[in-house]
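Student:
2 protein chains.
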Amino acid sequence: MPLPERLGSHLKRAEQALSAAKHAALKPAHLTVSQYAALLHLSQSPGISAAALARACAVTPPTMNTVLKNLQENGLIERTPHEWHKNILETRLTEKGERVLADGDTRAVRVERGLAAEFSAEERETLIALLGRCIESLQASRPDRAGTP
Amino acid sequence: MPLPERLGSHLKRAEQALSAAKHAALKPAHLTVSQYAALLHLSQSPGISAAALARACAVTPPTMNTVLKNLQENGLIERTPHEWHKNILETRLTEKGERVLADGDTRAVRVERGLAAEFSAEERETLIALLGRCIESLQASRPDRAGTP
DNA sequence: TGACATGCATTAGAGCTCTAATTATTGTTC
DNA sequence: GAACAATAATTAGAGCTCTAATGCATGTCA
């Protein structure tokens, strides 16, 4: 099967370009793409557990664990035991985390807007719909992950 | 900016789903997705240098170095000094590498065909074209990488 | 010939990602 | 109450990825 016919190669390159662009954009904020994603979801659901955050960011718990570890070392988040549910660590942004996220967000959104400006509203919808079908199709072929969001 | 409006989140999830599907498909062949990509390009350009292979796979030379190191340890490739250009290591598939690649290729192509079957020919072209514009747009915003394929 | 640019290979270091396994807690079911 | 399932957190280990820096070889140009 010739490479240009494989949807996967195009998909991979596009994601790679996006990731590289965001990485470069977030560098001045001293954030990685993953750290930014975690902070963003965290700001929208304060006190969320690491496992739930992992689901929101579509990564596995151990992955989120390493990301959170680095964020904590940099003082951007704090993790405190849940009041009565002893097996949960509530994760929250620190003040510094709020500031850094705000800075990073303007930079990341700039990239997203630049990309969005490349397309018309109709094209954006088409692209999102097609990507959604990719995701569904690929997940359907993996029964073990059927219900994973 | 709301998350569902960000093209990036959809792009990332689609790539993640594809990568996971391929990883699972290649597991019985004892290959990672990156190793498979390297072997595939290698079979099409025998004797290519590691740097050129890195460009073909759209990764950096050190990345390709680690991939090749693992492939060599598993006896799938061999690297011999270039005849007269002493600074180049020619990389080639071993017989075992050929066999493993053939096995992995049928598995990987199965995933690609399954994904492609989700769409009509027109839809596939549309998706590839839209992804191509994503790549161009994102690379244009990174002057340092302008000419990188 | 010497200085320089180019390209290849490699190392060091940081960070992300996964699977697999372990431990602990909570809530349910018999 | 005891066994069980479900969820959360964590560790271990392998692998990929990047940037930055170094060393070496080749070819070009003054």
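The listed protein sequences derive, respectively, from chains A and B. So the first sequence is residues 369 to 517, counted in the working numbering. So the second sequence is residues 369 to 517, counted in the working numbering. For each residue, glycine too, the CB sits at the ideal point set by N, CA and C.
#1: Just reading off the alpha helix (DSSP H) that residue 503 of chain B is part of, what are its end residues?
#2: Using a Cβ-based criterion (distance less than 7 Å to any ligand heavy atom), does residue 508 of chain B qualify as near the ligand PLP?
#3: Can you look up residue 381 of chain B in the DSSP assignment and give me helix, strand or coil?
#4: Can you tell me which residues form a DSSP beta bridge with residue 445 of chain B?
#5: For chain B, check one thing: does any of its Cβ atoms lie closer than 8 Å to the Cβ of residue 509 of chain A?
#6: Would you mind sorting residue 437 of chain B into buried or exposed? The rule is 16 or more other CB atoms within 10 Å of its CB.
#7: Using the Cα positions of residue 455 of chain A and residue 418 of chain A, report the straight-line distance between them to the nearest angstrom.
#8: Taking one C-beta from the region 459–474 of chain B and one from the region 393–407 of chain B each time, how about it: are there three or more such pairs within less than 8 Å?
#9: Under a CB-based cut-off of 8 Å, is residue 488 of chain B close to chain A?
#10: Return the residues of the region 382–395 of chain B that lie within a Cβ-Cβ distance of less than 9 Å from chain A, sorted by chain order.
#11: Do residue 383 of chain A and residue 380 of chain B have their C-beta atoms within less than 8 Å of each other?
#12: So residue 432 of chain A contacts chain B; which residues on that side make the cut at Cβ distance below 8 Å?
#13: Which residue's Cα is closest to the Cα of residue 399 of chain A: A:371, A:467, A:428, A:452?
Tutor: The short version:
#1: Position 135 of the second sequence, counting from 1, holds the residue named residue 503 of chain B. Start and end: 489–508.
#2: In the structure on display, the ligand PLP does not appear, and there are no ligands present to speak of.
#3: Start at 1 with the first residue of the second sequence, and residue 381 of chain B comes out as number 13. Reduced to three states, the DSSP call for residue 381 of chain B is helix.
#4: On the second sequence, position 77 is the one that residue 445 of chain B refers to. Looking at the DSSP assignment, residue 445 of chain B forms a beta bridge with B:461.
#5: The sequence position of residue 509 of chain A within the first sequence is 141, counting from 1. Interface residue, yes.
#6: For the purposes of this step, residue 437 of chain B is taken as the residue at position 69 of the second sequence. Exposed: under 16 other Cβ atoms inside 10 Å.
#7: Translated into the one-based positions of the first sequence, residue 455 of chain A becomes position 87. Translated into the one-based positions of the first sequence, residue 418 of chain A becomes position 50. Their Cα atoms are separated by approximately 11 Å.
#8: yes
#9: Taking the second sequence and counting its residues from 1, one reaches residue 488 of chain B at position 120. For residue 488 of chain B, the answer is no, since every Cβ of chain A falls outside 8 Å of its Cβ.
#10: 382, 383, 384, 385, 386, 387, 388, 389, 390, 392, 393
#11: Reading the first sequence from its first residue, position 15 is the one you call residue 383 of chain A. Reading the second sequence from its first residue, position 12 is the one you call residue 380 of chain B. Yes. Within cutoff.
#12: Counting from one through the first sequence, the residue named residue 432 of chain A turns up at place 64. Per Cβ cutoff of 8 Å: no residues; residue 432 of chain A is ~14 Å from chain B at best.
#13: One-based indexing of the first sequence puts residue 399 of chain A at position 31. When only C-alpha atoms are compared, the closest one is A:467.
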